[in-house]
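Q: Going by our numbering, the sequence shown opens with residue 4, and the numbers climb by one from there.
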Amino acid sequence: MVGISEDTDTPPEARRQRPGPGTAVTLTVTDKHHIADDVASLTLRHPDGDRLPDWTPGAHIDLILPDGTVRQYSLCGNRWDAYTYRVAVLREPEGRGGSAYLHDRLRPGDRLGVGGPRNHFPLAPSDAYVFIAGGIGITPLLPMIHQVQLLGLEWKLLYGGRTRHSMAFREELVAAYGERVEVVPQDERGLLPLDQWLGTPRPGTKVYSCGPGPLLAAVEAAGADWAPYALRSERFTAADQGAPVRSTAFEVELRRSGRTVTVTPEITVLDAVRAAGVDVLSSCRQGTCGTCLTPVIDGRPDHRDAILTDRQRAADDCMFVCVSRSCGDRLVLDL
Ligand code: FES
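#1: Can you look up Pro24 in the DSSP assignment and give me helix, strand or coil?
#2: Do Val248 and Cys330 have their CB atoms nearer than 7 Å?
#3: Among all the DSSP beta bridges, which residues are the ones paired with Ser77?
#4: Run through the DSSP bridge pairs and tell me what Met322 is partnered with.
#5: If you drop the 5 nearest sequence neighbours on each side, which residues of the same chain put their C-beta closer than 8 Å to that of Glu412?
#6: Reducing DSSP to helix, strand and coil, say where Gly302 ends up.
#7: My guess is that Ile270 and Ala171 are in contact by the Cβ rule of under 8 Å, so how many angstroms apart are they, rounded?
#8: Should the region 80-95 be regarded as contacting the region 54-61, the criterion being three or more beta carbon pairs within less than 8 Å?
#9: How is Ala278 classed by DSSP in three states: helix, strand or coil?
#10: Quick one: does the C-beta of Cys321 sit closer than 6 Å to a heavy atom of ligand 1?
#11: Of the choices Ala136, Glu256, Arg108, Ser102, whose alpha-carbon is the least far from that of Arg277?
#12: Have a look at Arg303, Gly163, Arg314, Val299 and flag the residue whose alpha-carbon is nearest the alpha-carbon of Cys321.
#13: Could you tell me whether the Cβ atoms of Cys79 and Ala62 are closer together than 7 Å?
#14: According to the neighbour-count rule (16 or more other Cβ atoms, all chains shown, within 10 Å of its Cβ), is Thr251 buried or exposed?
#15: For the region 144-158 against the region 99-107, are there 3 or more C-beta pairs whose distance is under 8 Å?
#16: Mapping DSSP to helix, strand and coil, what is Tyr88?
#17: Using 8 Å as the cut-off, can you tell me whether the region 204-222 makes contact with the region 129-144, which would need three or more C-beta pairs spanning the two stretches below that distance?
#18: CA-CA distance, Gly119 and Ala27?
#19: Tell me whether Arg288, by its Cβ, gets closer than 6 Å to a heavy atom of ligand 1.
#20: How should Thr166 be labelled, buried or exposed, when 16 other C-beta atoms within 10 angstroms of its C-beta is the threshold for buried?
#21: According to DSSP, which residues form a beta bridge with Tyr162?
#22: Which class does Arg167 belong to by DSSP, given the choice of helix, strand or coil?
#23: Who are the Cβ neighbours of His49 in its own chain at under 8 Å, not counting the five residues just before and after it?
#24: With 16 as the cutoff for other CB atoms within 10 Å, does Thr203 come out buried or exposed?
#25: Please report the straight-line C-alpha distance between Thr33 and Arg114, rounded to a whole angstrom.
#26: By Cβ distance below 6 Å, which residues in the same chain neighbour Trp200 in space, the five residues on each side in sequence not counted?
#27: What's the call for Leu176, buried or exposed, on a 16-neighbour Cβ count within 10 Å?
#28: Quick check: the Cα distance between Gly164 and Gly193, rounded to an integer number of angstroms?
#29: Please classify Arg235: does DSSP put it in a helix, a strand, or coil?
#30: Quick check on DSSP: helix, strand or coil for Pro96?
#31: Please list, in chain order, all residues of the same chain as Ser327 whose beta carbon is under 8 Å from its beta carbon, the five residues on each side excluded.
#32: Report buried or exposed for Arg238, applying the criterion of at least 16 other Cβ atoms within 10 angstroms of its Cβ.
#33: If we require 3 or more residues per run, which beta strand (DSSP E) segments fall completely within the region 177-226?
#34: Skipping 5 residues on each side, what residues in its chain have a beta carbon closer than 6 Å to that of Thr142?
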């Protein structure tokens, strides 16, 4: 049955599906083509035609490149197709080379390691939805839109981009959904009319936004009067979290390994754990991808990621060790 069943008050799905080195599968690139300026669509299937793990709207997968780097991409295909994953990759000239490899060197027929899927941006039940996308931020919203459309719910999309031709899936969305979609190319119309869309809070409506940091900050400002948890966003880069709670060293006990490490102000928990010889998978090192999620057994983390909701932070039972630190003298991790 089609439905929205995610309970966003429970811990992230990643807590139950945490990928490790052994959980990646190797998939074949069966299609690659350009769908907008600097945006390539990749389709992946199992080499033996096997079924792929299920996913829900908002989920992403890790692509593990031949040099071992890991990049996250939102799944933007048909979630009811159990044999295919689709992602859209923006070429990032200022990036670390992952998107350049996928654009310039990857060919149909090549194989890639794939981790996940994981979902830190689940679609919560609501009577109505407002979707706000900036550029490639349309990708996690696309399966959400398909789902709420299937359910016959009320929804609208405000979609901005540098230019009309840089906006992936623009034509399909407009053709399929007409006036539900407002397209705002910046070179033609300027910035998104967020005050117009969010100026008046609407009970029973949730707002999902994804895009560059300045856009998400503008969405938060325009939606400041909305109810808590009505606005949900997925970030590509970490928001400024201010100074850490403590400026002095703290200890981290790795309960399963029987080790204790000292984390000085100059290093991250991830660095300290790795220096002790305990491996933790990581990717973005910015608190945005979710790869380094680690269960907390005792102590109070200083959460500095862009993933957990306030309620999830308050539970103090997990943390992203690439950026989060400790509020107290000691943390105990399940590592
Ligand atoms: S490595 Fe991405 S959240 Fe820690």
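Just so you know, even glycine gets a beta-carbon here, dropped at the ideal spot from N, CA and C. Remember, predicted model here, so these are calculated numbers, not experimental data.
A: In short:
#1: Per-residue confidence for Pro24 stands at a pLDDT of 36, beneath the threshold of 50, marking its modelled position as unreliable; the derived number appears in the next sentence. In the structure shown, Pro24 sits in coil (DSSP, three-state: anything other than H, G, I, E or B).
#2: yes
#3: His63
#4: Thr297
#5: Absent from the structure is residue 412, since the part of the chain shown begins at 4 and ends at 338.
#6: coil
#7: Not quite, the Cβ-Cβ distance comes to about 38 Å (not below 8 Å), so this is no contact.
#8: yes
#9: helix
#10: no
#11: Glu256
#12: Val299
#13: no
#14: exposed
#15: no
#16: strand
#17: yes
#18: 7 Å
#19: yes
#20: exposed
#21: Ala136, Val186
#22: helix
#23: Val28, Leu30, Thr31, Leu55, Tyr86
#24: exposed
#25: 9 Å
#26: Leu161
#27: buried
#28: 10 Å
#29: strand
#30: coil
#31: Val272, Gly290, Pro304, Asp305, His306, Arg307, Asp308
#32: buried
#33: 184-188, 208-214
#34: Ser77, Cys79, Ala91
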